[in-house]
Structure formats: structure tokens, C-alpha cells
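Working notes, structure below.
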Amino acid sequence: MDSPFARMSPLGTMSLSSALALSASVSVVCATIAVLRLFSILPHSGGDAPKPRLRPHHPTCKLSVFLGSGGHTSESLAMISGLDFKKYQPRVYYVSEGDTLSAHKAIELERRKIDATRESSNEPYKIVVIPRARRVHQSLLTTPVTALVSLLSCIYFITVQPFLQRKSRKSRFNQRPRGTSSPPAGGADQNEVLVLNGPGTCLMLAAAVYLNRILALPSPVIIYVESFARVSSLSLSGRLIQPFADRFIVQWPQLLRSAKTGEYHGWLV
1 MDSPFARMSP LGTMSLSSAL ALSASVSVVC ATIAVLRLFS ILPHSGGDAP KPRLRPHHPT
61 CKLSVFLGSG GHTSESLAMI SGLDFKKYQP RVYYVSEGDT LSAHKAIELE RRKIDATRES
121 SNEPYKIVVI PRARRVHQSL LTTPVTALVS LLSCIYFITV QPFLQRKSRK SRFNQRPRGT
181 SSPPAGGADQ NEVLVLNGPG TCLMLAAAVY LNRILALPSP VIIYVESFAR VSSLSLSGRL
241 IQPFADRFIV QWPQLLRSAK TGEYHGWLV
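With UniProt numbering, letter number 8 in the sequence shown gets 8, and the count goes up by one each step, no holes.
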């Protein structure tokens with residue numbers, strides 16, 4: 001009995017080959033466009049601070065902070081503790097899965113602020129838990145899997161959730177009677193500033209932000225502050241995220257030599 005493959009017509013074989021070639025060509029073109037788009041939106045190199053982005057006039061700014069556990073959490077909370085929380089609200093604290101101590105420290109800071117001002121808002125803050133990109137002592141063989149899970153979670157909170165919220169809000173507005181006020185701005189549900197201090201999981205948040213930028217969606221400004229403990233050399237997280245941060249800040253002047261680009265404003269913690 002002849003094999004089914006032996007009876008396959010040359011036309012069918014050519015069609016399959018053409019389809020595979022077309023798929024490969026489309027994939028290459030899409031990848032090239034994505035890479036070119038990425039390079040086009042990277043912050044400008046140089047020592048000068050980037051120009052501030054124009055934003056609609058609003059009395060408050062939506063702030064998000066990644067608490068990287070341990071010393072990273074202490075530094076991040078120390079940096080924002082001096083802010084006027086009436087102006088920077090609502091606030092989002094990203095914490096790694098299992099890091100209950102960082103979550104408790106964020107809640108404690110919020111309570112101290114409320115006690116100091118004796119005021120609170122309807123939506124002052126929330127804590128968002130994301131999977132760790134890599135656990136302590138985790139094998140390098142399994143790290144890509146956990147990093148991918150962490151990235152997908154960050155994409156949901158940075159990209160998908162705000163998109164769904166904007167869509168829902170616009171749908172509710174369209175159901176209102178004519179003559180009502182205009183719908184909220186496109187980035188109303190997106191954080192406007194994302195403060196990072198390390199470690200590795202913060203790279204997943206930055207990657208999710210750049211997915212928004214590649215797709216021309218609203219995205220927060222990335223401010224990376226190198227850890228106070230890094231005196232003479234940048235951390236691995238700092239070296240990796242430096243080309244993508246809108247503002248890269250170090251806390252020791254000698255780091256500017258190894259960082260090549262960045263800002264120094266003294267100790268921030």
C-alpha cells in the first residue's frame with residue numbers, strides 16, 4: 001500500500017512550503033519592527049535628565065513602588081516617606097509573593113501618614129502581589145520558567161488590567177445621557193510613576209512597561225534608584241535596567257563613573 005505522503009501532489013508540497021516560508025517571513029518582519037520600535041522609544045543617552053513628559057493638569061499623581069524585600073524595601077519606603085501623600089495618590093505597592101514583611105511595612109507607613117495628617121482618602125493605596133522572577137538559591141535551569149510567570153503577572157497588572165478598566169469606564173460613559181462631561185483621560189487608570197530599587201523581579205515590571213510603550217499604550221515613568229549599598233559598582237539589576245530607565249539615580253558620586261549616565265542628588269535614604 002502506498003504511503004499517504006507518497007500520493008501527496010507537488011502542488012500540496014509547494015503550498016505547505018510556501019505557508020511555512022510566509023510564516024517565517026512574517027515572524028521576522030514583526031520581530032524587526034518590534035526591535036526598531038524598542039530602540040526608538042529608549043530614553044536618550046547622555047548625562048542630562050530627560051525632559052518631563054506632558055501630562056494633563058491634575059492635582060495628584062498616581063505612584064507605584066516596588067518593594068524588593070529586606071534592605072530594598074527599607075530604602076524604597078524611606079525614599080517615599082517624605083512625599084506629600086495627598087499629592088501622590090492613589091499609591092500601589094508591588095511586593096513579591098511570600099514577602100509579607102514588606103507588605104506589613106507598607107501598611108505601617110500608610111498608617112503613620114494617616115496619623116500625622118489625620119486625613120485619609122477613599123482609595124489611598126493598595127498592595128499588589130506578583131510572583132518572584134527568581135527565588136533565592138533557585139536553579140538557573142528553572143529560572144526562565146519562574147521569570148516568565150512573573151512577567152505575565154506584571155503584564156496583567158501594568159497592561160491588561162488598566163486597559164480593561166479604561167474600556168469599562170468608557171463603556172459606562174457611553175451609556176450616560178448626552179451633555180455630560182467628557183470621559184476621563186486615556187491614562188487615568190495607569191500609574192504615572194514607577195519607582196524601582198531592585199532586585200531582579202523589578203526587571204519584569206520594567207519589561208511590562210516597555211510592552212505598553214511598544215504598543216503605544218499609556219505607561220508610567222520608570223525611576224530607578226540604585227541601592228545605597230552600591231558604593232563603587234552598580235548592581236546587576238542596575239546594569240540591566242539602566243538603558244531602559246527614564247531616570248537612573250545613584251546615591252554615591254563615584255558611581256557616575258561606572259554608570260556613565262545617571263543622576264546624583266546625594267543620599268536619598
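Beta carbons: idealized from backbone N, C-alpha and C, even for Gly. The model shown is predicted, which means the values in this text are computed figures rather than measured ones.
| Check | Outcome |
| --- | --- |
| So for residue 269, helix, strand or coil by DSSP? | coil |
| Please classify residue 58: is it buried, with 16 or more other beta-carbons within 10 angstroms of its beta-carbon, or exposed? | exposed |
| For residue 251 and residue 228, which I take to be in contact (beta-carbon distance under 8 Å), what is that distance rounded to the nearest angstrom? | 5 Å |
| CB-CB under 6 Å to residue 244, same chain, minus the five flanking residues each way: which ones, in chain order? | 206 |
| Buried or exposed for residue 86, please, with buried defined as at least 16 other CB atoms from any protein chain shown within 10 angstroms of its CB. | exposed |
| Can you tell me the Cβ-Cβ gap for residue 258 and residue 235, rounded? I've got them flagged as a contact below 8 Å. | 11 Å between Cβ atoms; not a contact. |
| Kindly indicate which three-state DSSP category residue 278 falls into: helix, strand or coil? | There is simply no residue 278 to check, as the chain begins at 1 and stops at 269 in what is shown. |
| Quick check on residue 208: buried or exposed, where buried means 16 or more other Cβ atoms within 10 Å of its Cβ? | buried |
| Return the chain-ordered list of same chain residues with a C-beta closer than 7 Å to the C-beta of residue 200, the five sequence neighbours on each side being excluded. | 133, 134 and 237 |
| By how many angstroms is the C-alpha of residue 29 removed from the C-alpha of residue 254? | 43 Å |
| Is there contact between the segment 72 to 79 and the segment 31 to 41, where contact requires at least three CB pairs shorter than 8 Å? | no |
| Whose C-beta lies closer than 8 Å to the C-beta of residue 269 among residues of the same chain, with five residues either side of it excluded? | 74, 75, 78, 79, 228 and 251 |
| On a CA-only basis, which of 82, 98, 101 and 61 is nearest residue 90? Give me that one, please. | 61 |
| Is it buried or exposed for residue 108, if we count other Cβ within 10 angstroms and need 16 for buried? | exposed |
| Tell me the rounded alpha-carbon separation between residue 168 and residue 15. | 44 Å |
| Express the C-alpha separation of residue 143 and residue 137 in angstroms, rounding to a whole number. | 10 Å |
| Taking only runs that begin and end inside the segment 85 to 151, name each unbroken alpha helix (DSSP H) of 4 or more residues, in chain order. | 100 to 117 |
| Near residue 105, what residues of its chain come up, given a Cβ to Cβ distance below 8 Å and the 5 sequence neighbours on each side ignored? | 67, 73, 74 and 77 |
| Over what stretch of residues does the beta strand (DSSP E) that includes residue 196 continue unbroken? | 193 to 196 |
| Report, in whole angstroms, the separation of the C-beta atoms of residue 63 and residue 197, which I expect to be a contact under 8 Å. | Not a contact, Cβ separation roughly 14 Å. |
| Report yes if the CB atom of residue 210 is closer than 8 Å to the CB atom of residue 249, and no otherwise. | no |
| What are the start and end residues of the alpha helix (DSSP H) that includes residue 247? | Looking at the DSSP string, residue 247 is not in any alpha helix (DSSP H); the run it does join, the beta strand (DSSP E), is 247 to 250. |
| Can the beta-carbon of residue 127 be found closer than 8 Å to that of residue 93? | yes |
| Answer with yes or no whether the minimum CB distance from residue 153 to chain C is below 8 Å. | Included in the structure is just one protein chain, with no chain C present. |
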